[in-house]
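Undergrad: Chains as they are written, first to last, in our numbering: chain V, 124 to 620; chain E, -2 to 429. The structure under discussion is supplied below as structure tokens; questions concerning it will follow.
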Amino acid sequence: MASGPASAEGGARTALPARIISQLREILGPDGVLTRYEDLLVYEYDAYMDRALPEAVIRPTTGQQLAAVVQLAVRERLAITARGGASGLSGGTIPVRGGLVVDLNSMHRILKVDPDNGLALVQPGLINLDLTTAVTPLGLYYAPDPSSQKTSTIGGNIAENSGGPHCLSHGMTTNHIVGLELVTRDGLLCTLGGPAPDAPGYDLVGLAVGSEGTFGVVTQAWVRLLIAPPVTVTFLAAYETIEAAGAAVSALVAAGVVPGALELMDEPSIQALEAAFHVGYPPGAGAILLVDVEGLPEAVEEQEVLVRRICEETPGSMVVQYAGTQAERDKLWAARKGALAACGRVAPNYYLCDGTVPRSKLADVLGTVRQLGIRYGVNVMTVAHIGDGNLHPIIAFDALEEGIIPRVEAAHDELVEACVEAGGTITGEHGVGLEKRKYMPLIFTPHDLEKMALVRDAFNSTGLFNPGKVLPDPGAETAKVAIPIGIGAAIGPDTWV
Amino acid sequence: MTTTGPAAGFTIPDPPSDAAMGACVHCGLCLPHCPTFRELRVETASPRGRLHLMRALGEGRVEATDTFVEHMSLCLDCRACEAACPTGVKYGYLMEATRAEIQARRPRTGFAKVLGWLVFKQLFPYPERLALFAGFLRAYQRTGLQQLVRATGLLKRLPGKLDEAEALLPRISSRFFEPKGSVPPRGALRKRVAFFAGCIMRVAFAETNRATVRVLSRAGCQVDMPEEQICCGALHIHSGEREQAKDFARKNIAAFEQSDAEWVVVNAAGCGAALKEYGELLEHDPVWAERAQAFSARVRDFSEAMAALPQEGAPPALNAKVVYQDACHLLHAQRVHQQPRDVLTSIVGVNLVEMRDGDRCCGSAGIYNLTEPEMAERLGANKVENVDQTGADVVVSANPGCLIQLRAGLEKRGSKTKAVHLADFLDAASRD
């Protein structure tokens, strides 16, 4: 398991010299610096499995404070790991080299809303859903909707370039960020892009989004706001086999339909869901698609007819249900989002995969997933943002079963490899973080990785921003799969897959 | 990493299981629902952080230090996180066990010890002593002594937080409520119920108890009132006095076994949650586990009972703009949300509105406003502001702590809105 310099069991105290602590307090005030062991303990985790203690936690309220802290940290060679909702699944906020954790939750304000130009200026600690809630009265919304949007922050979404069911039609976070202010290695605030359309020069915003905190710490962001679609309709289409569902997806894509969302559940997940929630799915279905069509009334009406016809006419189609009311829509979506909670019915532990594949290879890879489950003797249930080709096979297992963990690890490795072989990649929306560094050489040559490191170092030559993340780092490899202590029955219905 | 044994570091007789402790997957979906996290925005003031510290206590990675206790004490035990948790972590139960563990490891000392002994061991276990004590308080409030004491600033010189406690003292009822015998139904018998009278409710909300019985009787209930019933033990559980609470639970179960009424009706949210969880409190007691479960299954909040007994004859009527304030232990612990609203909207003339952040704790939380006055004040101020913004004539709630907190806050704000218990409101609206 990962451990920083201050990470020791039982009663470890901060190793940070009093001199540094008092300088931090001068910058941030007494409440802005946490050093007590009990306080540091709750900053050793995110939603991934590894743990590491920071030496201090700082809670800035302004970009200037943070810049001053970074200057100090660079002088003292302290690692800096930023943290928002800490809901990440790849360990992006775990301070593996100790140092400072920057808790951005106190920077959670919406600084400006410009409805005429569809823009807002926000602080990084703002919760994703709070932005949409705040601009809903203006008829606007913020499109990227990771399923963790109730708790994940805009800053974290930027770091991970987060996705979500409705990114199919509107793109990932990177398509919705037009400007950033961040503190870089010199402890100065640096502006990338901005609210004006088409910023000249290098697209550094695009580079910084998804950099997982290794370029610096974002202190504010200009984000795009969209006009809320006036009409949304939701379909549930059940198929005899997963191949048939895959064919329906291909037919929709070929017909030029881009639904607002296009989700898939395979047979094991349908069965688990039915046992857990009694949703009333068509008995015997081998796969279910969930389709959102949204837009202006006329366009939706036209697409609705087309989607329905394609879904029904695909061979192997069993039944197409249509949600007419918001309540029915919510019910269908609640069931989809409950898929992971339902895996608690299957086994007490799980390991969640986050790979992507080209849509044309979906049926092949889903077949491979099923075979892997059989070969390694583990239950694999798959839910997917199928429209994006983003698969989430969930390996359900019991950690107490002898010899299970190496099998789970091997199955997971092969799942990732299968995605890569099909022309896909190692992560769809959860980031590389700690978890997937070892897979980076599957898709990049040493030369590719070296260029990435050079770009990172242009912002972060001191290597102090989120060290040990994204790029392979042989000196800091952590255990391959750590099973969290007593990890519970399941992750739940609203959790982000 | 390997799975550890049962929350090994816990020394109390019935430690939480490792599975219950380990159920949290750190997803963070509880955070935006936690009142203290929303105020302070720091992980130690979040349910996920507290659970991690509890687990660390069990693993021996942390001791029950002052800092640890501070983080646990700041929790309102409102259980909004539990209602929001997708994994089903039993947060309330774990927090209560942790508080018991804290009591076991570092018993109260000094003034807190004396006060704890007085309140938990001498007062609450004996209804007659509690009544006697309340009688003194009533005399104190009515004779002008209260004004005198407050004017002299005497309380500030006494140990502890007596001055703050005194400021929050509810007005003691003129005539206490004594559970005894049975009240017949008005008209034909529709349901037999037994009424749980509480302890604060008996002495500070006696009229509300009487109103509850009247309303139930009008609805066709025969209302049994077992005499041997005592305090529900909720405050004890929340303060880590679990063994005392178990004793109360056994006495109450035995008392209500005397009545074969289908439901045990309770009109205080905190008591209701405690009674519904007797099954869990006594699950390791071989003699009482089954009886406790059977008892808990009979418990209904007053609003649940009334929503299940639709009005016969002329509907109640009262013209008022009403906002309903969810008590945490109804909304989150018992998951009762719709029934009180249904009961209110069944009243002719009621215009029911909702307030902003209605699902957030008012800051009363048992004795929290004494132990954490600063946070209680912040949350209370938010709550009454949200109530006030609705422009409602009346804020209806169903818990004594909420009503005390709301009344104090509304008065301080100079608001005209009245805070009323659901039973009193329904009683006033009833037409015979």
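Backbone N, C-alpha and C define an ideal beta-carbon position, used for all residues, glycine too. Owing to the predicted nature of the structure, the values given are computational and were not obtained by experimental measurement.
Return the first residue and the last residue of the beta strand (DSSP E) that residue 574 of chain V is part of.
TA: On the first sequence, position 451 is the one that residue 574 of chain V refers to. Element bounds for residue 574 of chain V: not the beta strand (DSSP E) but the alpha helix (DSSP H), 569 to 582.
Undergrad: Please tell me whether residue 513 of chain V has its Cβ less than 9 Å away from any Cβ of chain E.
TA: On the first sequence, residue 513 of chain V is found 390 positions in, with the first residue counted as 1. Taking Cβ atoms only, chain E never reaches closer than 9 Å to residue 513 of chain V, which makes this a no.
Undergrad: For residue 102 of chain E, collect the residues of the same chain with a Cβ closer than 6 Å to its Cβ; drop the 5 residues on either side in sequence, then sort them by chain order.
TA: Residue numbering aside, residue 102 of chain E sits at position 105 when the second sequence is read from its first letter. Cβ neighbours of residue 102 of chain E beyond the five flanking positions: 61.
Undergrad: Using the three-state DSSP reduction, which class does residue 16 of chain E fall into: helix, strand or coil?
TA: Residue numbering aside, residue 16 of chain E sits at position 19 when the second sequence is read from its first letter. Looking at residue 16 of chain E - three-state DSSP - the assignment turns out to be helix.
Undergrad: Would residue 329 of chain E be called buried (16 or more neighbouring beta carbons within 10 Å of its own) or exposed?
TA: One-based indexing of the second sequence puts residue 329 of chain E at position 332. Residue 329 of chain E comes out buried.
Undergrad: Going by DSSP, what residue range makes up the alpha helix (DSSP H) through residue 184 of chain V?
TA: Along the first sequence, one-based indexing puts residue 184 of chain V at 61. Element bounds for residue 184 of chain V: n/a, residue is neither H nor E.
Undergrad: Got a sec? Which residues, its chain only, sit under 8 Å from residue 8 of chain E by beta carbon, not counting five neighbours each side?
TA: Mapped onto the second sequence, residue 8 of chain E falls at position 11. Cβ neighbours of residue 8 of chain E beyond the five flanking positions: 98, 101, 102.
Undergrad: Taking 9 Å as the CB-CB limit, is residue 59 of chain E close to chain V?
TA: The residue you call residue 59 of chain E lines up with position 62 of the second sequence. With 9 Å as the cut-off, residue 59 of chain E counts as an interface residue toward chain V.
Undergrad: Starting from residue 333 of chain E and walking both ways along the alpha helix (DSSP H), at which residues does that stretch end?
TA: One-based indexing of the second sequence puts residue 333 of chain E at position 336. Unbroken run through residue 333 of chain E: none, as it is neither H nor E.
Undergrad: In chain V, what lies closer than 7 Å to residue 62 of chain E by C-beta?
TA: Counting from one through the second sequence, the residue named residue 62 of chain E turns up at place 65. Chain V residues near residue 62 of chain E: 161.
Undergrad: Less than 9 Å between CB atoms is the rule here; does residue 96 of chain E satisfy it with respect to chain V?
TA: Looking up residue 96 of chain E in the second sequence gives position 99. No, residue 96 of chain E does not count as interfacial toward chain V.
Undergrad: Reducing DSSP to helix, strand and coil, say where residue 324 of chain V ends up.
TA: Stepping through the first sequence from its first residue, residue 324 of chain V is reached at position 201. Three-state result, residue 324 of chain V: coil.
Undergrad: Can you list, in chain order, the residues of the region 15 to 29 of chain E whose Cβ is nearer than 7 Å to any Cβ on chain V?
TA: Taking 7 Å as the Cβ-Cβ cut-off against chain V, the residues of the region 15 to 29 of chain E that qualify are 15, 16, 18, 19, 20, 21, 22, 23, 24, 25, 26, 28, 29.
Undergrad: By DSSP's criteria, residue 516 of chain V is part of a beta bridge. Which residues make up the other side?
TA: Translated into positions along the first sequence, residue 516 of chain V becomes position 393. Looking at the DSSP assignment, residue 516 of chain V forms a beta bridge with V:505.
Undergrad: Does the distance from the CB of residue 95 of chain E to the CB of residue 71 of chain E come in under 9 Å?
TA: The residue given as residue 95 of chain E occupies position 98 in the second sequence. The residue given as residue 71 of chain E occupies position 74 in the second sequence. No.
Undergrad: Any beta carbon of chain V sitting closer than 9 Å to that of residue 133 of chain E?
TA: The residue you call residue 133 of chain E lines up with position 136 of the second sequence. Cβ-Cβ to chain V under 9 Å: no for residue 133 of chain E.
Undergrad: Is residue 142 of chain V buried or exposed, if buried means 16 or more other CB atoms sit within 10 Å of its CB?
TA: Mapped onto the first sequence, residue 142 of chain V falls at position 19. It counts as exposed.
Undergrad: Under 8 Å by Cβ, that's how I've got residue 165 of chain E and residue 396 of chain E pegged, so tell me the actual separation to the nearest angstrom.
TA: As a first step, residue 165 of chain E is located in the second sequence; it is residue number 168 there, counting from the start. As a first step, residue 396 of chain E is located in the second sequence; it is residue number 399 there, counting from the start. No, residue 165 of chain E and residue 396 of chain E are not in contact; Cβ-Cβ is about 15 Å, not under 8 Å.
Undergrad: Under three-state DSSP, which class holds residue 292 of chain E?
TA: As a working note, residue 292 of chain E is residue 295 in the second sequence. Here residue 292 of chain E sits in helix by DSSP.
Undergrad: Under 9 Å, do residue 190 of chain E and residue 218 of chain E count as touching if we go by C-beta distance?
TA: Position 193 of the second sequence, counted from the start, is the residue given in the question as residue 190 of chain E. Position 221 of the second sequence, counted from the start, is the residue given in the question as residue 218 of chain E. Yes, the Cβ-Cβ distance between residue 190 of chain E and residue 218 of chain E is below 9 Å.
Undergrad: Quick check on DSSP: helix, strand or coil for residue 552 of chain V?
TA: As a position in the first sequence, residue 552 of chain V is number 429, starting the count at 1. DSSP places residue 552 of chain V in coil when its eight states are reduced to three.
Undergrad: So, is the C-beta of residue 8 of chain E closer than 9 Å to a C-beta in chain V?
TA: By one-based count along the second sequence, residue 8 of chain E stands at place 11. Closer than 9 Å: no.
Undergrad: Go through its chain and collect everything with a Cβ distance to residue 361 of chain V's Cβ below 6 Å, but skip five positions before and after it.
TA: What you label residue 361 of chain V is simply residue 238 of the first sequence in a count that begins at 1. Answer for residue 361 of chain V: 405, 408, 411, 441, 442, listed in chain order.
Undergrad: Residue 422 of chain E lies in the alpha helix (DSSP H); which residues open and close that run?
TA: Taking the second sequence and counting its residues from 1, the one referred to as residue 422 of chain E is at position 425. First-last of the alpha helix (DSSP H) with residue 422 of chain E: 419 to 426.
Undergrad: Please go through the same chain and pick out, in chain order, the residues whose beta-carbon is closer than 6 Å to the beta-carbon of residue 660 of chain V, but skip the five residues on each side of it.
TA: Residue 660 of chain V lies beyond the range of chain V shown here (124 to 620); nothing can be said about it.
Undergrad: May I ask you to report which of helix, strand or coil DSSP gives residue 314 of chain V?
TA: As a working mapping, residue 314 of chain V is identified with position 191 in the first sequence. Three-state result, residue 314 of chain V: strand.
Undergrad: Which chain V residues sit within Cβ distance under 7 Å of residue 46 of chain E?
TA: Here the question's residue 46 of chain E lines up with position 49 in the second sequence. Near residue 46 of chain E (Cβ distances below 7 Å), the residues of chain V are 165.
Undergrad: What three-state label does DSSP hand residue 285 of chain E in the structure shown?
TA: The residue labelled residue 285 of chain E in the question sits at position 288 within the second sequence. It is coil, neither helix nor strand.
Undergrad: Please identify, using Cβ separations under 7 Å, the residues of the region 183 to 215 of chain V that lie next to chain E, in order along the chain.
TA: The region 183 to 215 of chain V vs chain E, Cβ under 7 Å: 208, 209, 210.
Undergrad: Just tell me which of V:383, V:474, V:454 has its CA closest to the CA of residue 511 of chain V.
TA: Numbered from its first residue, the first sequence carries residue 511 of chain V at position 388. Considering only alpha carbons, the answer is V:383.
Undergrad: Got a sec: is the Cβ-Cβ distance from residue 280 of chain V to anything in chain E below 9 Å?
TA: The residue you call residue 280 of chain V lines up with position 157 of the first sequence. Not closer than 9 Å to any Cβ of chain E, the Cβ of residue 280 of chain V fails to qualify, so no.
Undergrad: Would you identify the three-state DSSP class for residue 416 of chain E, choosing helix, strand or coil?
TA: Along the second sequence, one-based indexing puts residue 416 of chain E at 419. Three-state result, residue 416 of chain E: strand.
Undergrad: Please compile the residues from chain V whose C-beta is within a distance smaller than 7 Å of the C-beta of residue 50 of chain E.
TA: Along the second sequence, one-based indexing puts residue 50 of chain E at 53. Within 7 Å Cβ-Cβ: 161, 164, 165.
Undergrad: What residue from V:302, V:206, V:181, V:324 has the CA that sits closest to residue 317 of chain V's CA?
TA: Start at 1 with the first residue of the first sequence, and residue 317 of chain V comes out as number 194. Among V:302, V:206, V:181, V:324, the Cα nearest to that of residue 317 of chain V belongs to V:302.
Undergrad: Determine the direct distance from the alpha carbon of residue 18 of chain E to that of residue 599 of chain V, and round the result to whole angstroms.
TA: Here residue 599 of chain V is taken as the residue at index 476 of the first sequence, counted from 1. Here residue 18 of chain E is taken as the residue at index 21 of the second sequence, counted from 1. Here the model assigns residue 599 of chain V a pLDDT of 48, short of 50, so the residue's position is not dependable, and the following value carries that caveat. One C-alpha to the other measures close to 30 Å.
Undergrad: What does residue 250 of chain V reach in chain E if we use C-beta pairs closer than 7 Å?
TA: The residue you call residue 250 of chain V lines up with position 127 of the first sequence. Those are 29, listed as they occur along chain E.
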